[in-house]
Amino acid sequence: MKSIFISLRLLLVMTVLTGIVYPIAVTLIGQAIFPRESSGSLIEQNGKVIGSSLIGQKFAQDKYFWSRPSANDYNPLPSGGSNLAPTSKKLSDSVRELSAKYTGGVTVPPDMLFSSASGLDPHISPESAIFQIDRILKARGWDETRRDSIAALVRKYTAPRQMGFLGEKRVNVLALNMALDGLG
Numbered sequence: 000m001k002s003i004f005i006s007l008r009l010l011l012v013m014t015v016l017t018g019i020v021y022p023i024a025v026t027l028i029g030q031a032i033f034p035r036e037s038s039g040s041l042i043e044q045n046g047k048v049i050g051s052s053l054i055g056q057k058f059a060q061d062k063y064f065w066s067r068p069s070a071n072d073y074n075p076l077p078s079g080g081s082n083l084a085p086t087s088k089k090l091s092d093s094v095r096e097l098s099a100k101y102t103g104g105v106t107v108p109p110d111m112l113f114s115s116a117s118g119l120d121p122h123i124s125p126e127s128a129i130f131q132i133d134r135i136l137k138a139r140g141w142d143e144t145r146r147d148s149i150a151a152l153v154r155k156y157t158a159p160r161q162m163g164f165l166g167e168k169r170v171n172v173l174a175l176n177m178a179l180d181g182l183g
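No gaps in the numbering here: position 158 of the sequence shown is 157 in numbering that gives the first Met the number 0, and each next residue is one more.
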């Protein structure tokens, strides 16, 4: 009987430590050291939250830069990739369908055809952003003189590799689209 009481006390102590004390401590430290990041890296426009710089959003209108495809339609709750094998017919059909969105027999950057592992990647490659400029010019009714200003936005919003060697250069689609709207 004594071992049951010891076990119950240990359960209670560990529940308080790992279920209450530890989460509160981590939250307070996160808020102190990284206040913006620990609050979700939210982006506001005119006092209204329009998104997060950490979670991809769906942009379907031709006048905007499109995000990478998402296996879960940009829903953050069940985040995850498609887990389709390279030999999967479903993956092949998906790539063929996405490729058909782009005309002219051009080579489509891979990140515009394949979803990310999380399905919520907020970034595209600079090549994918440059690839989309023609569609955006046409959809906005802009002439070719605006091409350089859009390309300059892509360069401005291109983030370098992390720590100079990790990952690839990337462009946050939400930030780029906000800047694009600022061009008029």
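Even for Gly, the Cβ is constructed at its ideal location relative to N, Cα and C.
Next on the checklist: Excluding the 5 residues flanking Ser52 on each side, which residues of the same chain have their C-beta closer than 7 Å to its C-beta?
Outcome noted: Here residue 52 corresponds to residue number 53 of the sequence shown, with the count starting at 1. The residues are Ser40, Ile42, Pro121, Asn171, Leu173, Ala174.
Checklist entry - Under a three-way DSSP split, which group does Ser245 fall into? => result The structure shown does not extend to residue 245, since the chain is modelled only from 0 through 183, so no value can be given for it.
Checklist entry - What first and last residue would you give for the beta strand (DSSP E) that runs through Ile42? => result The count along the sequence shown starts at 1 and reaches residue 42 at position 43. Looking at the DSSP string, the run of the beta strand (DSSP E) that includes Ile42 is 41-44.
Checklist entry - Which residues in the same chain as Gly29 place their Cβ atom closer than 6 Å to its Cβ, once the five residues preceding and following it in sequence are excluded? => result Residue 29 sits at position 30 when you count from the first residue of the sequence shown. Shown here for Gly29: same chain residues with a beta carbon closer than 6 Å to its own, the five before and five after excluded, namely Ser37 in chain order.
Checklist entry - Alpha carbon to alpha carbon, what distance is there between Leu7 and Ser115? => result For the purposes of this step, residue 115 is identified with residue 116 of the sequence shown, where counting begins at 1. For the purposes of this step, residue 7 is identified with residue 8 of the sequence shown, where counting begins at 1. Straight-line Cα distance between these residues: approximately 44 Å.
Checklist entry - Helix or strand or just coil, what does DSSP make of Ser114? => result Numbered from its first residue, the sequence shown carries residue 114 at position 115. The answer is coil: DSSP assigns Ser114 none of H, G, I, E or B.
Item to check | For Gln60, three-class secondary structure by DSSP | outcome: Against the sequence shown, residue 60 aligns to sequence position 61. The three-state secondary structure of Gln60, taken from DSSP, is coil.
Next on the checklist: Can you tell me where the alpha helix (DSSP H) holding Arg8 begins and where it ends?
Outcome noted: As a working mapping, residue 8 is identified with position 9 in the sequence shown. 1-15 is the span of the alpha helix (DSSP H), which, as asked, contains Arg8.
Next on the checklist: Here's the rule: buried if 16 or more other CB atoms are within 10 angstroms of the residue's CB, otherwise exposed. What is Met111?
Outcome noted: Here residue 111 refers to the residue found at position 112 of the sequence shown. Residue environment: Met111 is assigned as buried (16 or more neighbouring CB atoms within 10 Å of its CB, all protein chains considered).
Checklist entry - How would you write the range of the beta strand (DSSP E) that Val48 sits in, first residue to last? => result As a position in the sequence shown, residue 48 is number 49, starting the count at 1. That run of the beta strand (DSSP E) goes 47-51.
Checklist entry - Which residues bound the alpha helix (DSSP H) around Arg169? => result Against the sequence shown, residue 169 aligns to sequence position 170. No alpha helix (DSSP H) contains Arg169, which is instead part of the beta strand (DSSP E) from 169-171.
Checklist entry - If you draw a straight line from the alpha carbon of Ala178 to that of Ser91, how long is it in whole angstroms? => result Indexing the sequence shown from 1 puts residue 178 at position 179. Indexing the sequence shown from 1 puts residue 91 at position 92. Their backbone Cα atoms lie some 34 Å apart in a straight line.
Checklist entry - Is it true that the CB of Ala138 sits closer than 7 Å to the CB of Lys62? => result The residue labelled residue 62 in the question sits at position 63 within the sequence shown. The residue labelled residue 138 in the question sits at position 139 within the sequence shown. Yes, these two residues count as a Cβ contact at 7 Å.
Checklist entry - When the distance is taken between beta carbons, is Ile123 closer than 7 Å to Arg160? => result For this step, residue 160 is matched to residue 161 along the sequence shown. For this step, residue 123 is matched to residue 124 along the sequence shown. Not a contact, by the Cβ cut-off of 7 Å.
Checklist entry - What distance in whole Å lies between the Cβ atoms of Gly79 and Gly46, which are believed to be in contact at a cut-off of 8 Å? => result Working through the sequence shown from its first residue, we reach residue 46 at position 47. Working through the sequence shown from its first residue, we reach residue 79 at position 80. Rounded, the Cβ-Cβ distance is 33 Å, inconsistent with contact.
Checklist entry - Can you tell me where the alpha helix (DSSP H) with Gly55 in it begins and where it stops? => result Translated into the one-based positions of the sequence shown, residue 55 becomes position 56. Secondary structure note for Gly55: it is in no alpha helix (DSSP H), with a DSSP letter that is neither H nor E.
Checklist entry - Roughly how many angstroms lie between the CA atoms of Leu165 and Pro34, to the nearest whole one? => result Start at 1 with the first residue of the sequence shown, and residue 165 comes out as number 166. Start at 1 with the first residue of the sequence shown, and residue 34 comes out as number 35. Approximately 24 Å between the Cα atoms of the pair.
Checklist entry - Applying the criterion that 16 or more other CB atoms from any shown protein chain within 10 Å of the CB defines a buried residue, is Leu182 buried or exposed? => result The residue labelled residue 182 in the question sits at position 183 within the sequence shown. Classification of Leu182: exposed, given that the 10 Å Cβ count is below 16.
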